[in-house]
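The structure appears right after this line, and notes come after that.
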Amino acid sequence: MKVELYNEILEEIKSFSGPGRKCGLYLQEKFPSISDYTLGSIYSLEYQRKMKRNRPKVYKRLKELYDRYNNAVKAGEDVGVMMRLASEVDLSPALLARIILEKYYEKHPEKSTEPVTKGFITKLMKDTTLIKDKDLAYEVYLCVIYDDQYGSISDCIKHSIGQEYELRLQRMVKDLNIAFRDEEHLRRHGYDKTPDIKLEIPIAVDGFVVNWIESKALFGDEEGHNTYFKDQYLSYWNRFGPGLVIYWFGFVETLELHNEKCIIIREDFPTNITLMDPTSIEPHPVTS
Numbered sequence: 587m588k589v590e591l592y593n594e595i596l597e598e599i600k601s602f603s604g605p606g607r608k609c610g611l612y613l614q615e616k617f618p619s620i621s622d623y624t625l626g627s628i629y630s631l632e633y634q635r636k637m638k639r640n641r642p643k644v645y646k647r648l649k650e651l652y653d654r655y656n657n658a659v660k661a662g663e664d665v666g667v668m669m670r671l672a673s674e675v676d677l678s679p680a681l682l683a684r685i686i687l688e689k690y691y692e693k694h695p696e697k698s699t700e701p702v703t704k705g706f707i708t709k710l711m712k713d714t715t716l717i718k719d720k721d722l723a724y725e726v727y728l729c730v731i732y733d734d735q736y737g738s739i740s741d742c743i744k745h746s747i748g749q750e751y752e753l754r755l756q757r758m759v760k761d762l763n764i765a766f767r768d769e770e771h772l773r774r775h776g777y778d779k780t781p782d783i784k785l786e787i788p789i790a791v792d793g794f795v796v797n798w799i800e801s802k803a804l805f806g807d808e809e810g811h812n813t814y815f816k817d818q819y820l821s822y823w824n825r826f827g828p829g830l831v832i833y834w835f836g837f838v839e840t841l842e843l844h845n846e847k848c849i850i851i852r853e854d855f856p857t858n859i860t861l862m863d864p865t866s867i868e869p870h871p872v873t874s
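First residue of the sequence shown: 587, per my numbering; consecutive thereafter.
See the structure below:
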């Protein structure tokens, strides 16, 4: 994707006022030539970063927000108090619910039958029936159900999509009769950081030797790619040599200018592949 187009999409996202669902529909109308998956991924990435920026600001107002929540419940206001507060402070409903839940157990440790840890709060977020305070439980439940960009539901959706594209990649490799080991096999054999696919015999893509393939069911932008490169791709390169990263929902064109010796980047499974034939002196090209 051209940088200018990517920046235009970002500007529309940043200037839009409203929930993610409405922003998604707006983006689809504004950029009809771009797939919904790509627009949704760009929005999700920007939303996650905005939450990281806004979270410290909310913590500074935590006492005020916690008191306002309690006062609203005591006054018998309509349900959805937390969601209205989240909208006011421009924070994810699920994230605000978690913050208020943490504050509740900080003030009322006797309400918990086990130590109040991050894991304990996460368990309550996933199963709000474990929260003894019925008003608090329902408010948290509404926030979790409503929030499609942050929290357990969003994580499940992203995980499912990620698995779908990993399986798609495996099918494509199998169709070409290319031998490989998957992530699960590598971890069973003691590798901690593993690509989705480690090729048994390297292939060449447009003349570039590829030893492994990583599937990313998202849009590749500079910030995200640099983080993945530092945390994942560089480790793969050090251990297995150069590889291929597929950003299935596209990527900003500037990524192709970086890391040319370590990895190559594509937005789909490549077609110009050359296989190494151990029985022959010369490699032979294939078409996928």
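Using N, Cα and C, we set each Cβ at its ideal position, and we do this for glycine too. Given the structure is predicted, the values throughout are model-derived calculations rather than measurements.
DSSP bridge partner residues for residue i (one or two, in chain order)
{"i": "L785", "result": "F766"}
{"i": "G806", "result": "F837"}
{"i": "I849", "result": "G829"}
{"i": "A790", "result": "V795 and T860"}
Residue closest to residue i, alpha-carbon to alpha-carbon, out of the options
{"i": "I595", "options": "A658, L613 and K760", "result": "L613"}
{"i": "I849", "options": "V791, F835 and G810", "result": "V791"}
{"i": "F805", "options": "D653, T780, L687 and L841", "result": "L841"}
{"i": "P788", "options": "T703, L843, I859 and H771", "result": "I859"}
{"i": "D741", "options": "M711, N824 and N657", "result": "M711"}
{"i": "F602", "options": "Y629, K588, S619 and T624", "result": "Y629"}
{"i": "I799", "options": "S673, N656 and P828", "result": "P828"}
{"i": "R639", "options": "G810, A658 and D676", "result": "D676"}
{"i": "V795", "options": "K847, I599 and Y623", "result": "K847"}
{"i": "Y724", "options": "A683, Y814 and D817", "result": "A683"}
{"i": "T714", "options": "N593, R773, L820 and L728", "result": "L728"}
{"i": "M643", "options": "L681, S801 and D719", "result": "What sits at residue 643 in the sequence shown is Lys, not Met. Among L681, S801 and D719, the Cα nearest to that of K643 belongs to L681."}
Local conformation of residue i per DSSP, three classes
{"i": "S740", "result": "helix"}
{"i": "F661", "result": "The sequence given here places Ala at residue 661; Phe does not occur at that position. Of the three classes helix, strand and coil, the one that applies to A661 here is coil, per DSSP."}
{"i": "E800", "result": "strand"}
{"i": "V795", "result": "strand"}
{"i": "E688", "result": "helix"}
{"i": "I717", "result": "coil"}
{"i": "L677", "result": "coil"}
{"i": "V759", "result": "helix"}
{"i": "M669", "result": "helix"}
{"i": "E590", "result": "helix"}
{"i": "E700", "result": "coil"}
{"i": "D733", "result": "coil"}
{"i": "T813", "result": "helix"}
Can you list the alpha helix (DSSP H) stretches of 4 or more residues lying completely in the region 596–632, in chain order? 606–616
For this session: Tell me, please, whether the region 720–739 touches the region 667–674 by the rule of three or more beta-carbon pairs shorter than 8 Å.
Result: yes
Quiz item: Can we say the region 645–664 touches the region 678–691, given the rule of at least three CB pairs closer than 8 Å?
Solution: yes
- Query: Below 8 Å, can you find three or more Cβ-Cβ pairs linking the region 617–632 to the region 757–764?
  - Reply: no
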